[in-house]
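Visitor: So the sequence lines, in the order shown, correspond to chains A and B.
Numbered according to the numbering used here, the first sequence spans residues 1 to 113.
Numbered according to the numbering used here, the second sequence spans residues 1001 to 1112.
All residues carry an ideal CB built from backbone N, CA and C; glycine is no exception.
My structure is below; once you've seen it, I'll send some questions.
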Amino acid sequence: QQQVKQSPQSLIVQKGGIPIINCAYENTAFDYFPWYQQFPGKGPALLIAIRPDVSEKKEGRFTISFNKSAKQFSLHIMDSQPGDSATYFCATRGNSGYSTLTFGKGTMLLVSP
Amino acid sequence: DAGVTQSPTHLIKTRGQHVTLRCSPISGHKSVSWYQQVLGQGPQFIFQYYEKEERGRGNFPDRFSARQFPNYSSELNVNALLLGDSALYLCASSLQGSSEQFFGPGTRLTVL
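Next up, the structure:
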């Protein structure tokens, strides 16, 4: 059973555009929602994360919007650059001390020059 | 400071063989988790260890096992390899009580 549904599967935007990637979760016990960025041949790198007590978090050009009632959260990349071309994964984590991450299937983003 | 390191980088095995993958966490991190990432999918949780004890196990067969050493490094062992075990195996470390997990570059395992 997939606990985190991520969309779209792939995305192409022009330089300067604002790609938006969405995730939906099912388990209301999740209390931590990170986004990871992965380049080919590399491990995932933590980009930004949010907890359910806030509706938005911004770090540089990356913003997470969180809708607790809808059980959805999204990643927005402002002023996207070709160097942002990568695969992005949303994830969730439960609220027990040893909970681990459950990942979405990923979104492959291509930012054209 | 060095990040999470994993060895080897790449590995080619044949069906039925055994493999051992190694991970060194970030200095000061006592928790290590292992994930399997099949091509085109997100990482899937295999094991979590803290202070040498298994704290969590994902939905993987008993052919998969792991352990953590006193210096907090860890090994993932896979017996009787199947073609479907071909994947990128990722190790992540974290501070106890922290939600942030930091991933290594992974070991690319190919089973022929």
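#1: DSSP on A:P34, reduced to helix/strand/coil?
#2: For B:N1071, report the span of its beta strand (DSSP E) as first-last.
#3: Using a C-beta to C-beta distance shorter than 9 Å, which residues of chain A count as neighbours of B:P1105?
#4: In the DSSP assignment, find the unbroken beta strand (DSSP E) run with B:I1046 in it and report its ends.
#5: Give me whichever residues DSSP pairs with A:F62 in a beta bridge.
#6: Hey, quick one: how far does the beta strand (DSSP E) through B:H1010 stretch, first residue to last?
#7: Any idea what DSSP makes of A:Q1, helix, strand or coil?
#8: For B:L1083, does the three-state DSSP call read helix, strand or coil?
#9: Report the rounded CA-to-CA distance for A:D53 versus B:Y1035, giving the unit in angstroms.
#10: Shorter than 8 Å from the beta carbon of B:F1045 to some beta carbon of chain A?
#11: Quick check on the DSSP output: the beta strand (DSSP E) that includes A:F89 runs from which residue to which?
#12: Please identify, using Cβ separations under 9 Å, the residues of the segment 1050-1070 of chain B that lie next to chain A, in order along the chain.
#13: I want to see whether chain B comes within less than 8 Å of A:L46, judged by CB atoms only; does it?
#14: Could you check whether the Cβ of A:P52 sits closer than 7 Å to any heavy atom belonging to the ligand FAD?
#15: Closer than 8 Å by beta-carbon distance: list the chain B residues that pair up with A:F89, in chain order.
Guide: Let me lay it out:
#1: Along the first sequence, one-based indexing puts residue 34 of chain A at 34. Three-state result, A:P34: strand.
#2: The residue labelled residue 1071 of chain B in the question sits at position 71 within the second sequence. Careful: B:N1071 lies outside any beta strand (DSSP E) and carries neither H nor E.
#3: As a first step, residue 1105 of chain B is located in the second sequence; it is residue number 105 there, counting from the start. Here the neighbours are G41, K42 and G43.
#4: Walking along the second sequence from the start, residue 1046 of chain B turns up at place 46. From DSSP, the beta strand (DSSP E) with B:I1046 extends over Q1044 to Y1050.
#5: Numbered from its first residue, the first sequence carries residue 62 of chain A at position 62. The partner list for A:F62 (beta bridge, DSSP) reads A:E59 and A:I77.
#6: Numbered from its first residue, the second sequence carries residue 1010 of chain B at position 10. Element bounds for B:H1010: H1010 to K1013.
#7: Position 1 of the first sequence, counted from the first residue, corresponds to residue 1 of chain A. With a pLDDT of only 49 at A:Q1, under 50, the local geometry of the prediction cannot be trusted, and no value is derived from it.
#8: For the purposes of this step, residue 1083 of chain B is identified with residue 83 of the second sequence, where counting begins at 1. DSSP places B:L1083 in helix when its eight states are reduced to three.
#9: Reading the first sequence from its first residue, position 53 is the one you call residue 53 of chain A. Reading the second sequence from its first residue, position 35 is the one you call residue 1035 of chain B. Rounded to the nearest angstrom, the two C-alpha atoms are 28 Å apart.
#10: Translated into positions along the second sequence, residue 1045 of chain B becomes position 45. At least one chain A Cβ lies under 8 Å of B:F1045.
#11: For the purposes of this step, residue 89 of chain A is identified with residue 89 of the first sequence, where counting begins at 1. Note, A:F89: beta strand (DSSP E), A86 to R93.
#12: Y1050, R1055, G1056 and G1058
#13: Here residue 46 of chain A is taken as the residue at index 46 of the first sequence, counted from 1. For A:L46, the answer is yes, since a Cβ of chain B falls inside 8 Å of its Cβ.
#14: Of ligands this structure carries none, so the ligand FAD is not represented either.
#15: Here residue 89 of chain A corresponds to residue number 89 of the first sequence, with the count starting at 1. Those within 8 Å of A:F89 in chain B are G1042 and P1043.
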